[in-house]
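K.L.:
In the working numbering, the protein residues as written are 52 to 300.
Built from N, CA and C at the ideal position, the CB exists for glycine as well.
Below: one structure in structure tokens.
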């Protein structure tokens, strides 16, 4: 149930096209649906503006398909994150019609063309090619949430001229998601170049002392750029979610 769906339901009752009992029956299915594997939140889009998203790891293809089918029956699009290729194929065999993005590990049931509801552009900036999977997740989720997205890849601080050459694109964005591993310095540099919110995403990329992304996380948390905020290690989805909310203000 989304705000648009609820509004349409109430307007149908007002016009006399839908009996109040039928509307009450549809609303009675809120706010969640119990399935054998999950309690699916069909009310989240109404409360938060964005629907429930399926986190793939730890779930079987059958469980993902079960939750996805429940969301589809509730009239919602379906976004599943961190889905590996073999799992996506198995889910699609059980529930055909999904679109799989291998780079982002995203499985999507919904329209190919998503209406733009954001007020500006979200820039997804990544330091190196090894950070690409997390940046791809952030970009793919942001697009599925109705944002215009501009991607800027392989512009880490080891070659700062690559970033500076794109300063106009950085400053044109309304919100920036900056993805980096190793020492995690890129968000601070970007933050110093723009007057917009910067959402920093540390990745688990790096050698031993990177501690699986902890070094980048701590570096970003202690950034001297006051417009930088930080999500968890490898959390491209969380960055895209927050960026979407900011972009709708």
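Buried or exposed: where does residue 167 fall if 16 or more other Cβ atoms within 10 Å of its Cβ makes it buried?
P.N.:
Burial state of residue 167 is exposed, judged by a 10 Å Cβ sphere holding fewer than 16 other Cβ atoms.
K.L.:
Output the residue ranges of the beta strand (DSSP E) runs that lie fully inside the stretch 89-172 and measure 3 residues or longer, sorted by chain position.
P.N.:
90-92, 129-132, 150-152, 157-160
K.L.:
Going by alpha carbons, who is nearest to residue 175 out of 147, 225, 123?
P.N.:
225
K.L.:
In angstroms with no decimal places, state the Cα-to-Cα distance between residue 137 and residue 216.
P.N.:
39 Å
K.L.:
Please report how far the alpha carbon of residue 212 lies from the alpha carbon of residue 278, in whole angstroms.
P.N.:
22 Å
K.L.:
Three-state secondary structure (DSSP) at residue 273?
P.N.:
coil
K.L.:
Since residue 217 sits in a beta bridge, which residues does DSSP pair it with?
P.N.:
Beta-bridge pairing links residue 217 to no other residue.
K.L.:
Per DSSP, what are the beta-bridge partners of residue 201 in this structure?
P.N.:
Residue pairing of residue 201 in beta bridges, as defined by DSSP: 174.
K.L.:
Is residue 157 closer than 9 Å to residue 131 when the C-beta atoms are compared?
P.N.:
yes
K.L.:
In this structure, does DSSP put residue 182 in helix, strand or coil?
P.N.:
helix
K.L.:
Does the separation of the CB atoms of residue 231 and residue 267 fall below 9 Å?
P.N.:
Taking 9 Å as the Cβ cut-off, residue 231 and residue 267 qualify as a contacting pair.
K.L.:
Taking the straight line between their C-alpha atoms, what separation do you get for residue 90 and residue 280?
P.N.:
32 Å
K.L.:
At the level of alpha carbons, what is the spacing between residue 256 and residue 180?
P.N.:
Put simply, the backbone Cα of residue 256 is about 10 Å away from that of residue 180.
K.L.:
Quick one: is residue 273 buried, meaning 16 or more other Cβ sit within 10 Å of its Cβ, or exposed?
P.N.:
exposed
K.L.:
Using the rule of at least 16 other Cβ atoms within 10 Å of the residue's Cβ for burial, across every protein chain shown, is residue 125 buried or exposed?
P.N.:
The residue is buried, with at least 16 neighbouring Cβ atoms inside 10 Å.
K.L.:
Starting from residue 227, follow its DSSP beta bridges and name the residues at the other end.
P.N.:
174, 249
K.L.:
Assuming contact is defined by CB atoms lying nearer than 9 Å, are residue 227 and residue 208 in contact in what I supplied?
P.N.:
no
K.L.:
Residue 170: buried (16+ other C-beta within 10 angstroms of its C-beta) or exposed?
P.N.:
exposed
K.L.:
Taking residue 102 as the reference, which of 92, 108, 111, 149 has the closest Cα?
P.N.:
92
K.L.:
Considering only their Cβ atoms, is the gap separating residue 237 from residue 221 smaller than 9 Å?
P.N.:
no
K.L.:
With distance defined between alpha-carbon atoms, name the residue in 76, 68, 111, 75 nearest to residue 88.
P.N.:
Residue 111 is the option with its Cα nearest to residue 88.
K.L.:
Counting only the same chain and skipping the five closest in sequence on each side, list residues whose C-beta sits under 7 Å from that of residue 197.
P.N.:
Cβ within range, chain order: 165, 166, 167, 168, 169.
K.L.:
Among 76, 115, 84, which has the Cα closest to the Cα of residue 145?
P.N.:
115
K.L.:
Let's test the definition: count the other Cβ atoms within 10 Å of the Cβ of residue 177 and tell me whether it reaches 16, buried, or not, exposed.
P.N.:
Per the 10 Å Cβ criterion, buried.
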